[in-house]
Each structure stands twice: as structure tokens, then as C-alpha cells.
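Structure first, commentary second.
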Amino acid sequence: YQNFFTNPEWSASLVGSLKVAVVTAVFATVIGTLAAFDLDRMKSRVSGVLRALLITPMVVPGVVLAVGIYAVYLDTRLVGTMTGFVLAHTMLAVPFVIIAVSASLEVFDKRLETAAASLGATRLTAFRTVTLPLIAPGILSGLLFAFVTSFDEIIVALFITSPYLKTLPVQIFSSITRDADPTVAAVGTLLFITTSLVIGAGLLIGSRQGKR
């Protein structure tokens, strides 16, 4: 544990992972929330098709996605950059946000929006003052899952990493393949505890919303 917190290599990978995960969580939450809201308002078969396309990254093998992303990044010089990591991880995290927010919208009483409109509220005002507060637990759950998705992601990260930006899972993998570093066990424990707490918080928020 001491080596993890004092070794610059481990510290840099932790900071890099946190930066990528935080930015990814914000972008994925915004994109996923807007997508879920639009899909909920669409009453046609197109909605189902679009939803299936948006959650495709969840079902496509990670190696297939990683190879495709790496091929694109080679031409655009995004390999090993913060922008490259955020774009790739956002694509992987958006489906989780869509699912979480869509679940909140399913139980949302849309008559409340109608009532707000009848009182003179615009669509934007109704969304900001009525819809958003009620679906906030779903949005927060999506945010937490997006953070965990990015923070724990390893397959795509292995393809697009560089000596200048290396996430914590990549650093763990490198240490395992390079030597028997006992620091890996400590990092694995911390990673497991952190991930469990974040996922537990997301599930708790979702269960409380379901009871309401």
C-alpha cells in the first residue's frame, strides 16, 4: 500500500484514470440522458431501432471495438491522448446511462408535464422544474455506472495507451506481465472496494427510486 501511494508511476496512473473517468462520466451522462429522453418521447419503431444501436457497445466484444477504435485513432492521432480515452470510454459508458435514465422515465408520470404546460410553463421550464428533479436518481445512477465503466476499463485502454497516459488497469496489467509486484494485490483490493461502493451506491439510489 505504501508503494502504491508513494511510487510516481502508480500515482500517475491513478490520477490519469480519475481524470478520464470523471470527464467520461460527465459527457456520457449528458449524452445518455438526452438520448434516453428523446427515445422516450418517440412513439414509433424507429425508437426501438435507435435504442438497439445506442446500446450496441454493450454486446459487441471488447476486442472488436478496441481494434476498430485503434484503427481510427491511428489516422486521427488520438492514440494515447486524453481526448482519445474520453471519446472511447464515453462510447462504452453511454449505454449504461441510457438504461438507467430510461428506467426512471418509464415510471415518470407524464401528466405532470402536461399540468405544468397548462400553467404556462414552456417545455424547457417543465423539464427543468418537473421532469429533471424526478428522474435525478436515474441520472445519478447512470453517472456512477459511467464512472465505474471508465475507471475499470482495460481492453480498449490497452490498445490506445501510451507512456504519457496510462490508466490504472493498464498499469496493473503491465506490472503483472513484467514482474511479481506485490503492489498489484493492494491495488486490486482498493479497486475492488472502490468499485463495489460506487456500484452499491448506484443500486441503492435505483432501489429507493423504485420504492417511490
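At position 135 of the sequence shown the residue is numbered 1176 (the numbering used here), and the sequence of numbers has no breaks. Glycine is no exception: its CB is placed at the ideal position from the N, C-alpha and C atoms.
Three-state secondary structure (DSSP) of residue i
i	result
residue 1203	strand
residue 1161	coil
residue 1119	coil
residue 1223	coil
residue 1151	coil
residue 1195	coil
residue 1044	helix
residue 1208	coil
For residue j and residue i, the rounded distance between their alpha carbons
i	j	result
residue 1048	residue 1214	16 Å
residue 1224	residue 1046	10 Å
residue 1237	residue 1133	19 Å
residue 1122	residue 1206	7 Å
residue 1069	residue 1125	14 Å
residue 1144	residue 1135	14 Å
residue 1120	residue 1202	7 Å
residue 1211	residue 1093	30 Å
residue 1142	residue 1080	11 Å
residue 1200	residue 1107	6 Å
Distance CB(residue i)-CB(residue j) smaller than 8 Å
i	j	result
residue 1140	residue 1197	no
residue 1179	residue 1073	no
residue 1208	residue 1054	yes
residue 1188	residue 1239	yes
residue 1130	residue 1063	no
residue 1192	residue 1058	yes
Local Cβ density within 10 Å of residue i, reported as buried at 16 or more and exposed below that
i	result
residue 1172	buried
residue 1228	buried
residue 1176	buried
residue 1042	exposed
residue 1138	buried
residue 1056	exposed
Write down every uninterrupted run of the alpha helix (DSSP H) in the region 1065-1118 whose length is 4 residues or greater and which is fully enclosed by it, in chain order. Correct list: 1086-1095, 1097-1100, 1103-1117.
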